[in-house]
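Protein chains in written order, with the numbering used here: chain R, 568 to 776; chain H, 568 to 776; chain C, 568 to 776; chain G, 568 to 776. Yeah, the Cβ is synthetic: ideal placement off N, Cα and C, and Gly gets one too. This one's a predicted model, so the numbers in the text were calculated from it and none came from an experiment. Worksheet for the structure shown next.
Protein chains: 4
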Amino acid sequence: MTATNRAAGRRRAVSEVKRKLILDAARRVFEVEGLEGASLRAIAAEAGYTPAALYFHFPSKEAIYGEVLRESLDRLRQAVADAVGREATPAARLKAAAMAFFGFYAVHPRDLDLGFYLLRGGMQPRGLGRELDEQLNLALGQALLPIAEAAEALGASPEEARSVLVDAFAHAAGLLMLAHTGRIRMFAVSAQQQMDRYVDGQIADLMQA
Amino acid sequence: MTATNRAAGRRRAVSEVKRKLILDAARRVFEVEGLEGASLRAIAAEAGYTPAALYFHFPSKEAIYGEVLRESLDRLRQAVADAVGREATPAARLKAAAMAFFGFYAVHPRDLDLGFYLLRGGMQPRGLGRELDEQLNLALGQALLPIAEAAEALGASPEEARSVLVDAFAHAAGLLMLAHTGRIRMFAVSAQQQMDRYVDGQIADLMQA
Amino acid sequence: MTATNRAAGRRRAVSEVKRKLILDAARRVFEVEGLEGASLRAIAAEAGYTPAALYFHFPSKEAIYGEVLRESLDRLRQAVADAVGREATPAARLKAAAMAFFGFYAVHPRDLDLGFYLLRGGMQPRGLGRELDEQLNLALGQALLPIAEAAEALGASPEEARSVLVDAFAHAAGLLMLAHTGRIRMFAVSAQQQMDRYVDGQIADLMQA
Amino acid sequence: MTATNRAAGRRRAVSEVKRKLILDAARRVFEVEGLEGASLRAIAAEAGYTPAALYFHFPSKEAIYGEVLRESLDRLRQAVADAVGREATPAARLKAAAMAFFGFYAVHPRDLDLGFYLLRGGMQPRGLGRELDEQLNLALGQALLPIAEAAEALGASPEEARSVLVDAFAHAAGLLMLAHTGRIRMFAVSAQQQMDRYVDGQIADLMQA
DNA sequence: TATGAATGAGTATTCATTCAT
DNA sequence: TATGAATGAATACTCATTCAT
């Protein structure tokens, strides 16, 4: 390996680290200011950079948004996959998958904000570009896939499995919204328990049929 | 009643009418431009006013948002109450209440945007003052109350009834989110049907117990 | 006349004065920085305003450009018309018109810069909008019209008259360019004299025919 | 000659080649994007370089502009010289020189843009250093010289010859400006014909005297 | 009440240039 | 020589809000 090769490798590594620093800064800004307030300037300032400097690492603000969202969905998918991997029976896997989905967002509220961003704003997340939008769509779908798989393993048809998946997602999302904004307190109820009970019910229904 | 009293009353009435005109304009702007496009300038223009003029009627842009949101929740409450009023049995009332909630937002996506605006951003709704926020909290609670009442009429304890309410709300909210952003298409499933089936299941569970 | 009428009139007058102040500032910036450097910020600063403030008086930067150009062309037209009006014979009018055109720009080099702006940049003055562009085209045409009219009075056909006009314009513009940039010094020649002699020649040709 | 001398020579030659490559790229960018779009970044990209790399070959963006302009004037000079070389009589040479000047820019509008860049902006060409400016001045003078030479061969005094040169240049420049911006269409006249007729007139005048 | 004018902060992106490597 | 990263200034325009009138 030549000296220039080594230097190039080092440069690439340094560059990668800086990208990560910027993405971290972006995540922090998203958390504090909300997604609307996450301007390029704000992200740059948080990262200790000039706005112009970010353009050496990302082609646009949208690209930063996209990367942060993609990483979040990746972590979600991993969390669900890990949870499913630990279980042997289909029923346990369904439970694990749904609860992992719920739990991931319950534990990481900033990822929830990011996720809601995806699901907001008259039809499509404004300014995310059709292509990126579809990528993210797919990533979300893949994260939830284990739920449908477990349902099918429990004897559900593909259509029924999709229905189970959508219901689990919707229930979780709604509960998370209530919990995240504190409004669930109004009803003196635990989001975690509600989710738990709901999924148990889903599984019971499936096994009965 | 003195002359000045009468004059003061007239002034107050005129003022109230103008407030309504502005709120109407705001709603129209929300409808057409969405929440992001609803700038004070746009609302003022739609109302036939100068931006500055609005400050005689509302202390801030967020106050206008809040008032429009309150009215939206009022219409929601009314829609749910009307639906419930048409039914005789507790089961039918529960079904009617939950589906009216879902249906209201399915038919009025802009009201859904407003609702999400309320349920967004870190923990606290940023712009809205604490007082208004609690008012809105209450308005939402009242709109959903018939669900809990029907559940109790079906034999549920107050705690169980609250649980039913929260579940119904969460399920509806999650499905609406998926439908509103078009992402439900990904799963080839109908939000309306999912909601329908879910509430039927809730009722069956309640009646069995 | 009511008090509010008077107040409104005063307001309008004040507004008009401010518009003029901004246009003056714009002209000064054009002069010092050149047209490319004439940013909204620069104009605002020169006028003692915030950039945003200009938007109460003009809808866009382009509108400011346009108004300054239009006024310049108006002054040109007036100068030519005045000169022509002082002459009795067609020959004298042709001479007066052509020399007034030349003289206007010789004496007002900043108007020359503005005029060149109109005649620069691959085909159309960038960022001037087709409509405004055509208005300015027309204004230029009208300023030069007296040349063609005088030529026709000297017996030229409409086509010949247009040819005379174009030639006079081209000659003047070329000489002004050379003079304006000081490059004419290289040839130890007086632009004024060259123009003078050229127009005399044009007239002689016309009268001979 | 020492080994180091030979190496130095090779280095210099390589350097010269790279300069030419960059200038070629600059010309191509001018051609496609026009003067305004010819940013350093664009030129660098077209040349296959990083923007920073250009600074090893040119001290500034304006220096590149200047060099491209110098080459343009060189080609102009050559075109005029070639045209003149093909003619035997003084009258034909004058005609050929003036029309070659006009024709060169009529056919190469981007060179005209460059030329106007030289003849613009207040008094002094802003970016170009004084030295380069004078070089360009000279290059222009040399390109036009054949016109004056032919005029003298036709019996004109040196002063008269300079006058003829300036007039021919001015007329051509003015017509080119009108043609280049399309404004000549307004007058339903052909720039080429106008120029042709004008030079014929100049020659006739000279031969008559 | 209402307006017109004004502000100051903010929007994403581009630019020529510099510098350590 | 050449690069990648960085800067600081610039671009036109929008925003909610304030204030004198």
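### Spatial distance of L732 of chain R from E698 of chain R (CA atoms)
The residue you call residue 732 of chain R lines up with position 165 of the first sequence. The residue you call residue 698 of chain R lines up with position 131 of the first sequence. If you take the alpha carbons of L732 of chain R and E698 of chain R, they lie about 24 Å apart.
### Query
Does the distance from the C-beta atom of L743 of chain R to that of A755 of chain R stay below 9 Å?
Looking up residue 743 of chain R in the first sequence gives position 176. Looking up residue 755 of chain R in the first sequence gives position 188. No. Outside cutoff.
### Task
Grab me the residues of A665 of chain G's own chain with a C-beta within less than 8 Å of its C-beta, minus the 5 sequence neighbours each way, in chain order.
To locate residue 665 of chain G, count along the fourth sequence from 1; it is residue 98. Closer than 8 Å at Cβ, skipping near neighbours: I714, A735, A739, M762, V766 and Q769.
### Task
May I have a chain-ordered list of the alpha helix (DSSP H) segments no shorter than 4 residues that lie completely inside the region 667-738 of chain H?
List check, alpha helix (DSSP H) in window: 676-685 and 697-720.
### Query
Of all Cβ atoms in chain C, is any one closer than 9 Å to the Cβ of H675 of chain G?
Here residue 675 of chain G refers to the residue found at position 108 of the fourth sequence. The beta carbon of H675 of chain G does not come within 9 Å of any beta carbon belonging to chain C, so the residue lies off that interface.
### Query
From the beta carbon of A740 of chain G, is the nearest beta carbon of chain C less than 9 Å away?
Taking the fourth sequence and counting its residues from 1, the one referred to as residue 740 of chain G is at position 173. Cβ-Cβ to chain C under 9 Å: yes for A740 of chain G.
### Message
Please list, in chain order, the residues of the region 627-649 of chain R that have any C-beta partner in chain H closer than 8 Å.
### Response
Residues of the region 627-649 of chain R with a C-beta atom less than 8 Å from some C-beta of chain H do not occur.
### Task
Can you have a look at V674 of chain C and say buried or exposed, based on whether 16 or more other CB atoms are within 10 angstroms of its CB?
As a first step, residue 674 of chain C must be located in the third sequence, where it is residue number 107. Result: exposed.
### Message
Considering only their Cβ atoms, is the gap separating A737 of chain G from L745 of chain C smaller than 9 Å?
### Response
For this step, residue 745 of chain C is matched to residue 178 along the third sequence. For this step, residue 737 of chain G is matched to residue 170 along the fourth sequence. Yes, Cβ-Cβ distance for L745 of chain C and A737 of chain G is below 9 Å.
### Task
Could I get the ranges of all uninterrupted alpha helix (DSSP H) runs contained in the region 592-619 of chain R, with 4 residues as the minimum, in chain order?
Secondary structure remark: continuous alpha helix (DSSP H) runs of at least 4 residues inside the region 592-619 of chain R, in chain order: 607-614.
### Task
Give the range of the alpha helix (DSSP H) segment to which S627 of chain C is assigned.
By 1-based counting over the third sequence, the position of residue 627 of chain C is 60. Premise fails: S627 of chain C is in no alpha helix (DSSP H) and is neither H nor E.
### Message
In the DSSP assignment, the alpha helix (DSSP H) including A758 of chain H goes from what residue to what residue?
### Response
In the second sequence, counting from the first residue as 1, residue 758 of chain H sits at position 191. First-last of the alpha helix (DSSP H) with A758 of chain H: A758 to Q775.
#### Entry: Pairwise C-alpha distance: A728 of chain R and G652 of chain R
Locating residue 652 of chain R in the first sequence gives position 85, counting from the first residue. Locating residue 728 of chain R in the first sequence gives position 161, counting from the first residue. Computed Cα separation, rounded: 19 Å.
### Query
Of the residues R:G682, R:D700 and R:P725, which one's Cα is nearest the Cα of G741 of chain R?
To locate residue 741 of chain R, count along the first sequence from 1; it is residue 174. It is R:G682 whose Cα lies nearest to the Cα of G741 of chain R.
### Task
Go through its chain and collect everything with a Cβ distance to R553 of chain R's Cβ below 7 Å, but skip five positions before and after it.
There is no way to answer for residue 553 of chain R, as the model of chain R reaches only from 568 to 776.
### Query
Do you know offhand how far R764 of chain G's Cα is from F597 of chain G's?
By 1-based counting over the fourth sequence, the position of residue 764 of chain G is 197. By 1-based counting over the fourth sequence, the position of residue 597 of chain G is 30. C-alpha separation (whole angstroms): 32 Å.
### Task
Look up A655 of chain G in the DSSP assignment and say whether it is helix, strand or coil.
As a working mapping, residue 655 of chain G is identified with position 88 in the fourth sequence. In this structure, A655 of chain G counts as coil in the three-state DSSP scheme.
### Closer than 9 Å to chain H by CB, S730 of chain R
As a position in the first sequence, residue 730 of chain R is number 163, starting the count at 1. With 9 Å as the cut-off, S730 of chain R counts as an interface residue toward chain H.
### Query
Excluding sequence positions up to five away, which residues of its chain have a Cβ less than 6 Å from the Cβ of E719 of chain G?
Working through the fourth sequence from its first residue, we reach residue 719 of chain G at position 152. For E719 of chain G, same chain residues with a beta-carbon under 6 Å away, outside a window of 5 residues either side, are A728 in chain order.
### Query
Closest by CA to E638 of chain H, which one among H:A593, H:G696 and H:E613?
What you label residue 638 of chain H is simply residue 71 of the second sequence in a count that begins at 1. Nearest to E638 of chain H by C-alpha distance, out of H:A593, H:G696 and H:E613, is H:A593.
### Query
Per DSSP, what kind of secondary structure is G576 of chain R in: helix, strand or coil?
As a position in the first sequence, residue 576 of chain R is number 9, starting the count at 1. In the structure shown, G576 of chain R sits in a helix (DSSP, three-state: H, G or I).
### Query
How is G749 of chain R classed by DSSP in three states: helix, strand or coil?
By one-based count along the first sequence, residue 749 of chain R stands at place 182. Residue state, collapsed to three classes: coil.
### Task
Return the chain-ordered list of same chain residues with a C-beta closer than 8 Å to the C-beta of S582 of chain H, the five sequence neighbours on each side being excluded.
Along the second sequence, one-based indexing puts residue 582 of chain H at 15. These residues qualify, in order along the chain: H624.
### Task
Closer than 9 Å by beta-carbon distance: list the chain C residues that pair up with Q761 of chain G, in chain order.
Taking the first residue of the fourth sequence as 1, we reach residue 761 of chain G at position 194. Near Q761 of chain G (Cβ distances below 9 Å), the residues of chain C are S730, V733, D734 and A737.
### Message
List, in chain order, every chain C residue whose beta-carbon is nearer than 7 Å to that of F754 of chain G.
### Response
Here residue 754 of chain G is taken as the residue at index 187 of the fourth sequence, counted from 1. Residues of chain C passing the Cβ test: R729, L732 and V733.
### Query
What is the C-beta distance between G708 of chain C and M753 of chain G, in whole angstroms, given that I count them as a contact (C-beta under 8 Å)?
Locating residue 708 of chain C in the third sequence gives position 141, where the first residue counts as 1. Locating residue 753 of chain G in the fourth sequence gives position 186, where the first residue counts as 1. Right, the Cβ-Cβ distance comes to about 6 Å (below 8 Å), so this counts as a contact.
### Task
Give a yes or no on whether the minimum CB-CB distance between F671 of chain R and chain H is below 9 Å.
Within the first sequence, the letter at position 104 stands for residue 671 of chain R. No, no contact with chain H.
### Task
Report the residues of the region 706-726 of chain G with a CB closer than 7 Å to any CB of chain C, ordered along the chain.
Going along the region 706-726 of chain G in chain order, one finds G708 with a Cβ nearer than 7 Å to chain C.
### Query
Quick one: does L745 of chain G have its CB under 9 Å from some CB of chain C?
Residue mapping note: residue 745 of chain G aligns to position 178 of the fourth sequence, counting from 1. True, the Cβ-Cβ gap to chain C drops below 9 Å.
### Query
Would T748 of chain G count as contacting chain C if we go by Cβ distances under 9 Å?
Here residue 748 of chain G refers to the residue found at position 181 of the fourth sequence. At least one CB of chain C lies nearer than 9 Å to the CB of T748 of chain G.
### Task
Report yes if the C-beta distance between L643 of chain C and T748 of chain G is below 9 Å; otherwise report no.
Residue 643 of chain C sits at position 76 when you count from the first residue of the third sequence. Residue 748 of chain G sits at position 181 when you count from the first residue of the fourth sequence. Taking 9 Å as the cut-off, the Cβ atoms of L643 of chain C and T748 of chain G do not count as close.
### Task
Please confirm if G689 of chain R has its CB atom under 9 Å from at least one CB of chain H.
As a first step, residue 689 of chain R is located in the first sequence; it is residue number 122 there, counting from the start. Model confidence at G689 of chain R stands at a pLDDT of 46, short of 50, so the residue's coordinates are unreliable and nothing is read from them.
### Task
Taking only beta-carbon positions, decide if I589 of chain G is within less than 9 Å of chain C.
Within the fourth sequence, the letter at position 22 stands for residue 589 of chain G. Taking Cβ atoms only, chain C never reaches closer than 9 Å to I589 of chain G, which makes this a no.
### Message
Using CA atoms only, rank isn't needed, just tell me which of R:E634, R:G722, R:M774 and R:E654 is closest to A706 of chain R.
### Response
In the first sequence, residue 706 of chain R corresponds to position 139, counting from 1. A706 of chain R has its Cα closest to that of R:E634, out of R:E634, R:G722, R:M774 and R:E654.
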